[in-house]
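Chains as they are written, first to last, in this note's numbering: chain A, 1 to 295; chain S, 1001 to 1295; chain G, 2001 to 2295; chain B, 3001 to 3295.
We put the CB at the ideal spot given by N, CA and C, even for glycine.
Note that the structure is a prediction, hence the values are computed from the model and not measured.
4 protein chains.
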Amino acid sequence: MKIENKFPGKDISAEDLKTKFPLVAKQNPNHKSCFDIAGVTFGGEQIPIFAGPNMVESRELIIDIAHNVKKAGGHFLRGGAFKPLTFPYRSDNYTETRERGIEWLIEARDKTGLPIITEVMEEKYIPLIAESADILQIGSRNMQNYPFLTACAKTGRPIMLKRHYGASLRDWLGAAEYILVEGNQKVILCERGVSTAHTHRSTSRFLLDLQAVPAAQEMTHLPIVVDPSHATFWRPWVTPMALAGIAAGADGMMLEVHPDPPNAAVDPLQAIDYAEFSKLIGKMNSIAKVLGRRI
Amino acid sequence: MKIENKFPGKDISAEDLKTKFPLVAKQNPNHKSCFDIAGVTFGGEQIPIFAGPNMVESRELIIDIAHNVKKAGGHFLRGGAFKPLTFPYRSDNYTETRERGIEWLIEARDKTGLPIITEVMEEKYIPLIAESADILQIGSRNMQNYPFLTACAKTGRPIMLKRHYGASLRDWLGAAEYILVEGNQKVILCERGVSTAHTHRSTSRFLLDLQAVPAAQEMTHLPIVVDPSHATFWRPWVTPMALAGIAAGADGMMLEVHPDPPNAAVDPLQAIDYAEFSKLIGKMNSIAKVLGRRI
Amino acid sequence: MKIENKFPGKDISAEDLKTKFPLVAKQNPNHKSCFDIAGVTFGGEQIPIFAGPNMVESRELIIDIAHNVKKAGGHFLRGGAFKPLTFPYRSDNYTETRERGIEWLIEARDKTGLPIITEVMEEKYIPLIAESADILQIGSRNMQNYPFLTACAKTGRPIMLKRHYGASLRDWLGAAEYILVEGNQKVILCERGVSTAHTHRSTSRFLLDLQAVPAAQEMTHLPIVVDPSHATFWRPWVTPMALAGIAAGADGMMLEVHPDPPNAAVDPLQAIDYAEFSKLIGKMNSIAKVLGRRI
Amino acid sequence: MKIENKFPGKDISAEDLKTKFPLVAKQNPNHKSCFDIAGVTFGGEQIPIFAGPNMVESRELIIDIAHNVKKAGGHFLRGGAFKPLTFPYRSDNYTETRERGIEWLIEARDKTGLPIITEVMEEKYIPLIAESADILQIGSRNMQNYPFLTACAKTGRPIMLKRHYGASLRDWLGAAEYILVEGNQKVILCERGVSTAHTHRSTSRFLLDLQAVPAAQEMTHLPIVVDPSHATFWRPWVTPMALAGIAAGADGMMLEVHPDPPNAAVDPLQAIDYAEFSKLIGKMNSIAKVLGRRI
């Protein structure tokens, strides 16, 4: 009985690293990208923190959150103005704020100095987001939308590429190669939970894959951010998994922060409030120091 | 200790059926969509067969395959002219034939009378594919590209929506609702394998989820097609899993067929040849009869 | 960057087939075990059907079921007298009937001529079950209890080895090798669902892995039985998945049958009644014929 | 269309906590077991470290390792004298040392004062291990061997219950309840990796499920240990995942330590050497302090 191994399967092969994602692949064990976005260094000693609400619900809200993220020591303000939904219908409190939301984000940046990251969901909004945001966030559901990746890459703006919850490391790094091949080198990877049999709560859908942090860092020089809010979908697990992400070696952390989480317009089960965020930053910083890094 | 169940998790709830995908949801146990595409009825007694190569490699090849698919009793010619790849680089034998490929598909249809289905990968090609193909195929990687789903839906052309290999039934039906809400009712779902721990061969990446056939049919009135070629990625398993798909109640079957599978430009491990296809059609028909259906 | 492949991982290698399970491995493509148990041939043209209740609830019940299984054309009566439970507490209607249950199974066999299969759960009951039952069933939870496998094997009695829902094909065949190495060659494998992210209903825990049928048949000469009742945990899916199992090439089928499924003591969501069982046997037989086999 | 939710599925329900594992379940948010084993406190401020080789290869080796584990600050010496294997055949360097191995462990304890933990694999060895070891380790493959759990529980000795790699949190806590119901309250849970589609290397089989740490701590008062060595099966990932485990709130850590990992008799890809272990302890301690704990 012959068991063929010639064709690549689930995992990354040495051949993949050389021919399929030569730009994404590490060239040597110490090869690690280090670049600056809006004055914040990625891939260096500092571990940037992205924080903000799931949705940019209102001008007041996002400005208030920006001040509190800044005060607590966060580096980027995150918030969705355009939101993909599993279903085409939106409840009243789930209305996208779209162009207005982007304006409010910009105003929040102006008021606080915090650079902003927001999701770009479709090609026609790429110019708007590219000129407004400091980082274009490509969501899980668009991770394998290759023409879209190329279009985003061509703006030359920094990009955060979230992993699809069903994507292998090979799929994810292959998608990143689509961006790098356009000459865009400021690419940040973001792990946000994968589909498995084991999510532990009936309200949760994902499992945070922290093993992906050292695994990705073994294969690629790109920085890896962790998003425990979307992964766990459960507030009490956000702090432990955020701390675990830092300890695992994450190069950044993305967190949902809201002044009144149970009344957040979207995903009220997962956001943390200002007080918890502030405490968490302190703890993340202490853990980062153990690894010779800092928040 | 309270365990909350208020927010929807991994599975479909009765609430989802009513408010999140009212158009996709079955209205009663006997509710099943039945519609005609290019003279072939979906959702009825007949089980349409889609067959052809992974890639439309050349004019001669696709015409030869079309004649053989027709002769064996297939109903639709499938073939990719535009192909998404996990990596941005293509080997020499993996060059897309693009617009020429579409022309060759049309010529093959003209010569054989077989209607054609082909993947549409990006928005700018929607008009070309919509006017050329009888069914627009939306690939797994675009399943959650909602603006793209909407744009395809608006052409009014029939659509096959492949399930992403990491998508739940809930994600998949939610994506279909995006198409139906545009007034496009000729939507075919296609199961093509999911990511799990258990693929049994190091060269395989997916597990064909046949439990999704009765599960989807319990929730929705839309026809469900099964694609065992991409799911198994392994020729010897294609025939048993195709037969199993028919027996599970599939409303259609999609198969990769090539005159010389080991030398196919793409995915040479999974295509079956004309002789095997012809025999398989006969067996599928016999099994279909057991269920009161036919190929 | 080096990616090592020297140590075996998730899947079966050619080396495994030669050195790790030489007795389980196929020696050539046509190598298939064929043996007789209680007058029923396994691995041949006929596809034996195992049917009966989850639990041997009472003498009357099991005798009634035996008559009906026999009448419908089943070959083995199944029923649990000893039952493993996820939790140590049993509700009133979940009481094991233990030694009495075994006596009732024997009486049912005497009255109908149907040979019996029942689960053996712990070492101290091996002698009792070995002298009473025609086949010892080893449940999923004991699949990797190697000393127990050895002890069961040493009885010389035929054994059905159910796959653990988290076990790979490699784990499963390795467990079977533990039985064969004791000189016991009448080993039947049984697939009964695996843990994945995709079970489609909140009440279900498993996905029936029919891809395991051709996969196992590619690696081993042992017969493969499919159990769609435990896998789907949902009555409406049992018939389609049983038919799919036969079409996929299963060498046997195990089904939960109960005169009044909604009032079954255990797992009332999954059993089918006599009428459905009888109809299902007819359809399975028709599908088997398509493959040159029969029930 | 009705979607039933009455029967429990994959996840833990409030009903389960009350009726299925009342002894394992937390009675209030601050309920946490705290007990002493061989002078080491579990569930308190200190986080005990278990370290040692996969196999007790020789007397010299285990004594040398014991001295080094002690020196570095470990609390328990671990080592397998009896080892379950996926296949029944053992290579020469994989011979179990069995009773002699237990004697050597005892000698290592005598020489260093380190209490010992070792796996008990079958019922007949329970008395031997119970009188020799300070903690009985029940391996993944025996997690659902309920009569064995009961027999181990009845010795009254402390027990570490490893999670099966396919088991849900519900399965795992249900198994623990089998031990507690016998009046044995010194039960430690150990997460050691689960089967998923995403292991990132072809040589790896599991994904360390750190989300299980806060999830288990939400449901149960029992201490949770993490084993990153077996989970990752890859040395370079052990340190990051061990640190992540501590940060996630683990109540203990189990590590494979060997003087010459590439030449370890078993699992040479995963053990760390003395120097790395010693450095790791230091870092784990610093992280523990951030959480108000210590090694």
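Assumed close pair residue i, residue j - CB separation to whole angstroms, cut-off 8 Å
i: S/Met1219; j: S/Leu1017; result: 7 Å
i: A/Leu169; j: A/Ala215; result: 6 Å
i: G/Ala2153; j: G/Ile2179; result: 4 Å
i: S/Gly1079; j: S/Thr1112; result: Between S/Thr1112 and S/Gly1079 the Cβ distance is about 13 Å, and since that is not below 8 Å, they are no contact.
i: B/Ala3175; j: B/Gln3144; result: 6 Å
Per-residue DSSP class, three states only, for residue i
i: B/Lys3018; result: helix
i: B/Ile3012; result: coil
i: A/Lys6; result: In this prediction, A/Lys6 has a pLDDT of 49, which is less than 50 and means its spatial position is unreliable; nothing more can be read from the coordinates.
i: A/Ile281; result: helix
i: S/Tyr1125; result: helix
i: B/Met3001; result: Bear in mind that a pLDDT of 49 at B/Met3001, under 50, signals an unreliable position, so the number given afterwards is only what the model happens to contain. Here B/Met3001 sits in coil by DSSP.
i: G/Leu1949; result: Outside the shown range of chain G (2001 to 2295) lies residue 1949 of chain G, about which nothing can therefore be said.
i: S/Glu1218; result: helix
i: G/Met2143; result: coil
i: G/Arg2100; result: helix
i: A/Gly292; result: coil
i: G/Thr2232; result: helix
i: B/Leu3114; result: coil
i: G/Leu2105; result: helix
i: S/Ala1133; result: coil
i: G/Leu2077; result: strand
Assigned exposure category for residue i - 16 Cβ within 10 Å defines buried
i: A/Lys6; result: Per-residue confidence for A/Lys6 stands at a pLDDT of 49, beneath the threshold of 50, marking its modelled position as unreliable; no derived number is given.
i: G/Glu2045; result: exposed
i: S/Cys1190; result: buried
i: B/Asn3184; result: buried
i: A/Thr95; result: exposed
i: S/Glu1131; result: exposed
i: G/Arg2100; result: exposed
i: A/Thr196; result: buried
i: A/Arg192; result: buried
i: G/Gly2245; result: buried
i: S/Ile1012; result: buried
i: G/Asn2028; result: exposed
i: B/Gly3039; result: exposed
i: B/His3031; result: exposed
i: A/Met20; result: The residue you asked about is not Met; residue 20 of chain A is Lys in the sequence shown. Looking at its Cβ environment, which holds 16 or more other Cβ atoms inside 10 Å, A/Lys20 is buried.
i: B/Arg3294; result: exposed
i: A/Gly249; result: buried
Residue i CB to nearest heavy atom of the ligand FMN below 8 Å
i: B/Asn3068; result: Ligands displayed in this structure: none; no statement on the ligand FMN is therefore possible.
Exercise. Would the stretch 2230 to 2247 of chain G and the stretch 2190 to 2205 of chain G be scored as touching if the rule is three or more Cβ pairs under 8 Å?
Worked result: Because the criterion of three Cβ pairs below 8 Å is met, the stretch 2230 to 2247 of chain G and the stretch 2190 to 2205 of chain G touch.
Exercise. So does the stretch 2046 to 2065 of chain G actually touch the stretch 2244 to 2260 of chain G, counting three or more Cβ pairs closer than 8 Å?
Worked result: Yes: at least three Cβ pairs fall under 8 Å.
Exercise. Does the stretch 2276 to 2289 of chain G come within contact of the stretch 3133 to 3147 of chain B, defined as at least 3 CB pairs closer than 8 Å?
Worked result: Contact fails: fewer than three Cβ-Cβ distances are below 8 Å.
For this session: May I have a chain-ordered list of the alpha helix (DSSP H) segments no shorter than 4 residues that lie completely inside the stretch 30 to 69 of chain A?
Result: List check, alpha helix (DSSP H) in window: nothing returned.
Exercise. Would you call the stretch 2096 to 2115 of chain G and the stretch 2065 to 2083 of chain G touching, i.e. three or more CB-CB distances under 8 Å?
Worked result: Touching, per the Cβ criterion.
Exercise. Mind pulling the alpha helix (DSSP H) runs of 4 or more residues that sit fully within the stretch 2145 to 2214 of chain G?
Worked result: Within the stretch 2145 to 2214 of chain G, the complete alpha helix (DSSP H) runs of at least 4 residues are 2146 to 2154 and 2169 to 2180.
Exercise. Enumerated in chain order, which unbroken segments of the beta strand (DSSP E) with a length of 3 residues or greater are wholly contained in the stretch 1239 to 1283 of chain S?
Worked result: Complete beta strand (DSSP E) runs here, min 3: 1252 to 1256.
Exercise. Can we say the stretch 2259 to 2267 of chain G touches the stretch 2052 to 2064 of chain G, given the rule of at least three CB pairs closer than 8 Å?
Worked result: Enough Cβ pairs lie closer than 8 Å, so yes.
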